[in-house]
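Undergrad: Be aware that the sequence shown starts at 4, since it is given in the working numbering, and climbs by one per residue.
Built from N, CA and C at the ideal position, the CB exists for glycine as well.
This structure is in structure tokens; I'll ask about it shortly.
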Amino acid sequence: MKEEQLISSYQAILLITVFRIVIAFSYLPAVNTPPGNQDIWISIILSIPWTIAISFPILYLSNKFSNLTLIEYTEKILGKAIGKIVGIAYAVFLLFYVITFVAILSEVLTSTIFPQTPSWILILILLITSSYISFKGLEGLGRGAEIFVPIIFLVILTFLIFGFNLFDFNELLPILKDSTFSQINIGARDIAFKFTDIIILAMFVPNLENRKELNKIFIRSLLISMLVLIIVVLCTQLSLGIEQTKHADFPFFTFSRLINLFDFIQRIESIYVMAWTVANVWKVSGYLYSLTINLKQTLNSKSNEVYIIPMSILIFILSTILKNNYSVVGVSQPLQFLLYFSSIAFMFAIPCITLIVYFFRRKKLRE
4 MKEEQLISSY
14 QAILLITVFR
24 IVIAFSYLPA
34 VNTPPGNQDI
44 WISIILSIPW
54 TIAISFPILY
64 LSNKFSNLTL
74 IEYTEKILGK
84 AIGKIVGIAY
94 AVFLLFYVIT
104 FVAILSEVLT
114 STIFPQTPSW
124 ILILILLITS
134 SYISFKGLEG
144 LGRGAEIFVP
154 IIFLVILTFL
164 IFGFNLFDFN
174 ELLPILKDST
184 FSQINIGARD
194 IAFKFTDIII
204 LAMFVPNLEN
214 RKELNKIFIR
224 SLLISMLVLI
234 IVVLCTQLSL
244 GIEQTKHADF
254 PFFTFSRLIN
264 LFDFIQRIES
274 IYVMAWTVAN
284 VWKVSGYLYS
294 LTINLKQTLN
304 SKSNEVYIIP
314 MSILIFILST
324 ILKNNYSVVG
334 VSQPLQFLLY
344 FSSIAFMFAI
354 PCITLIVYFF
364 RRKKLRE
């Protein structure tokens, strides 16, 4: 029933944009990608064509089968048996990402403003909220994005203005002296693979009011999110310095704590935490909703709602275990390894195979 809900192109742009910027708002992995110096902003710009190239197979197929989700047209192209296997694999992928998001949110909150609060309580509150939003469906996500995402943008702009006196622009010099094109290109590729939200957009396509605007939605959300990422990276590097930014667990939060304007405006990091928490809630809700739609279509169920509570319970258990046994933000292996290579597989490799099969079977599929 919720699948029939529609969202506007504007709402879709806001949703995909906020899903993307949450990573930058959190632990800012871009600063540790090659070249890992003052030229990171160049890698971010170069990641735009990389992201377009990586997303091309999904975008092409989603335009061809605009009345179907990623799961539905994959099954149609690859056949029922293989399609079901791929659908389950995508469900595991989405589940893995939601667990990671929730664990990171819990770690940030317990490390910053709620050090005495058990992580399981924070995770429980987050999942209750996200489950409620998921029950409201895609329209609820879209309408909420219209309210909260502009506020999040305003918060970022506010920090940029109030923190300007902290900026040392010499941190960005010398440009390109310490970096090679190969390093910048590798960094751009790595950044591109961190934005898995093309998969979520491909799940939303049948619910767009104007499906012909899919490419416009993708490009606009990509450009806006990359602009925000550049602003966040520059704010942290210019205020904290290159090396401290690389070694800080939560660079933008650290930057927000430094803001002190005329001894009057200070300690405004709580505003950051509120905006960041809302962004995370919306991302977890969007991924949880997409996960349950995936299960509904893969398992041929009547409604996605029957999966929301079971999946939330599973996410609660696994994310609590992950948070209590690992430093999610600080760990580089094996979690980051799994995140990176699973992104390659599900963003690019599987869609590429599906696209190749489509070209061989397109005449039969038209019949």
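Ordered along the chain, which non-local residues of its own chain (more than five positions away) have a Cβ less than 7 Å from that of Glu75?
TA: Here the set comprises Gln300.
Undergrad: For Val378, which residues of its own chain have a beta-carbon under 8 Å away from its beta-carbon, when the five flanking residues on both sides are left out?
TA: The structure shown does not extend to residue 378, since the chain spans only 4 to 370, so no value can be given for it.
Undergrad: Determine the burial state of Ile102: buried for a count of at least 16 other Cβ atoms within 10 Å of its Cβ, exposed for fewer.
TA: Buried: at least 16 other Cβ atoms inside 10 Å.
Undergrad: Of the choices Phe167, Lys139, Ile24 and Leu98, whose alpha-carbon is the least far from that of Ser306?
TA: Residue Lys139 is the option with its Cα nearest to Ser306.
Undergrad: Assign Phe362 to buried or exposed, taking buried as 16 or more other Cβ atoms, counted over all protein chains shown, within 10 Å of its Cβ.
TA: So Phe362 counts as exposed.
Undergrad: Find the nearest neighbour of Gly289 within the set Ala191, Tyr100 and Thr323, judged by alpha-carbon distance.
TA: Checking every option, the nearest Cα to that of Gly289 belongs to Tyr100.
Undergrad: Which residue comes first and which comes last in the alpha helix (DSSP H) that contains Ser288?
TA: Glu272 to Thr301 is the extent of the alpha helix (DSSP H) around Ser288.
Undergrad: Quick one, are the C-beta atoms of Ile19 and Val231 less than 8 Å apart?
TA: Contact flag unset, no.
Undergrad: What would DSSP say about Ile372, mapped onto helix, strand or coil?
TA: One cannot answer for residue 372 here, as it falls past the ends of the chain, which runs 4 to 370.
Undergrad: Our contact map puts Asn297 next to Tyr135 with C-beta atoms below 8 Å; I'd like the distance itself, whole angstroms only.
TA: Not a contact, Cβ separation roughly 20 Å.
Undergrad: If I'm right that Asn210 touches Ile10 with Cβ under 8 Å, what's the distance once you round it to whole angstroms?
TA: With a Cβ gap of about 6 Å, Asn210 and Ile10 count as contacting.
Undergrad: Taking only three categories from DSSP, how would you classify Lys5?
TA: Confidence is the limiting factor: at Lys5 the pLDDT is only 44, short of 50, which leaves the residue's position unreliable and the question unanswerable from this model.
Undergrad: Looking only at its own chain, which residues have a Cβ that is under 8 Å from the Cβ of Ile220, when we skip the five neighbours before and after it?
TA: Closer than 8 Å at the Cβ level, and outside the excluded window around Ile220, lie Ser12, Ala15, Ile16, Ile19, Leu204 and Leu211.
Undergrad: Give the single residue among Val287, Ile320 and Leu130 whose Cα lies nearest to the Cα of Leu97.
TA: It is Val287 whose Cα lies nearest to the Cα of Leu97.
Undergrad: Taking just the CA atoms, how far does Asn66 sit from Thr72?
TA: Rounded to the nearest angstrom, the two C-alpha atoms are 10 Å apart.
Undergrad: When the distance is taken between beta carbons, is Phe162 closer than 8 Å to Cys238?
TA: Contact flag set, yes.
Undergrad: For Met350, count the other beta carbons within 10 Å of its own beta carbon; 16 or more makes it buried, fewer makes it exposed. Which is it?
TA: Its Cβ being crowded by 16 or more others within 10 Å, Met350 is buried.
Undergrad: Consult DSSP for Leu211 and reduce its assignment to one of helix, strand or coil.
TA: If DSSP states are grouped into helix, strand and coil, Leu211 belongs with the strands.
Undergrad: Are the beta-carbon atoms belonging to Thr54 and Leu225 less than 8 Å from one another?
TA: Result yes, Cβ atoms of Thr54 and Leu225 sit closer than 8 Å.
Undergrad: Please classify Ala282 as buried or exposed, where buried requires at least 16 neighbouring CB atoms within 10 angstroms.
TA: Answer is buried; the Cβ neighbour count reaches 16.
Undergrad: Between the C-alpha atoms of Ile128 and Pro153, what's the straight-line distance to the nearest angstrom?
TA: Looking at the two C-alpha atoms, the distance is approximately 24 Å.
Undergrad: Using only alpha-carbon positions, find the residue among Val21, Tyr292 and Tyr329 that is nearest to Ala148.
TA: Nearest option by C-alpha distance: Val21.
Undergrad: Suppose the cutoff is 6 Å on Cβ atoms and the five residues either side in sequence are ignored; what does the same chain contact list for Ala27 look like?
TA: Only Leu232 and Val235 meet the Cβ criterion.
Undergrad: Look at the alpha carbon of Tyr275 and the alpha carbon of Lys249, and state the distance between them as a whole number of angstroms.
TA: Approximately 20 Å, taken between the alpha carbons.
Undergrad: If we count the other Cβ atoms within 10 Å of its Cβ and call it buried at 16 or more, is Glu7 buried or exposed?
TA: Flag for Glu7 reads exposed.
Undergrad: For Leu175, does the three-state DSSP call read helix, strand or coil?
TA: Leu175: helix per DSSP, three-state reduction.
Undergrad: What's the gap between the Cα of Pro38 and the Cα of Leu302?
TA: Computed Cα separation, rounded: 44 Å.
Undergrad: Hey, Phe196 and Tyr63: beta-carbon distance below 8 Å or not?
TA: No, the Cβ-Cβ distance between Phe196 and Tyr63 is not below 8 Å.
Undergrad: Note down, in chain order, each residue of its chain lying with its Cβ closer than 7 Å to the Cβ of Leu3, except the 5 sequence neighbours on either side.
TA: The structure shown does not extend to residue 3, since the chain is modelled only from 4 through 370, so no value can be given for it.
Undergrad: Can you find the residues in the same chain that come closer than 7 Å, C-beta to C-beta, to His208, ignoring five residues on each side of it along the sequence?
TA: Checking the displayed sequence, the identity of residue 208 turns out to be Val instead of His. Only Ser65, Ser69, Thr72, Arg214 and Leu217 meet the Cβ criterion.
Undergrad: Rounded to whole angstroms, what's the CA-CA distance from Gly86 to Ser259? Just pull it up for me.
TA: Using only the alpha carbons, I get a separation of about 46 Å.
Undergrad: Rounded to whole angstroms, what is the Cα-Cα separation between Thr357 and Gly90?
TA: The alpha-carbon atoms of Thr357 and Gly90 are separated by roughly 12 Å.
Undergrad: Val34 lies in the alpha helix (DSSP H); which residues open and close that run?
TA: Segment: none, Val34 is in no alpha helix (DSSP H) and carries neither H nor E.
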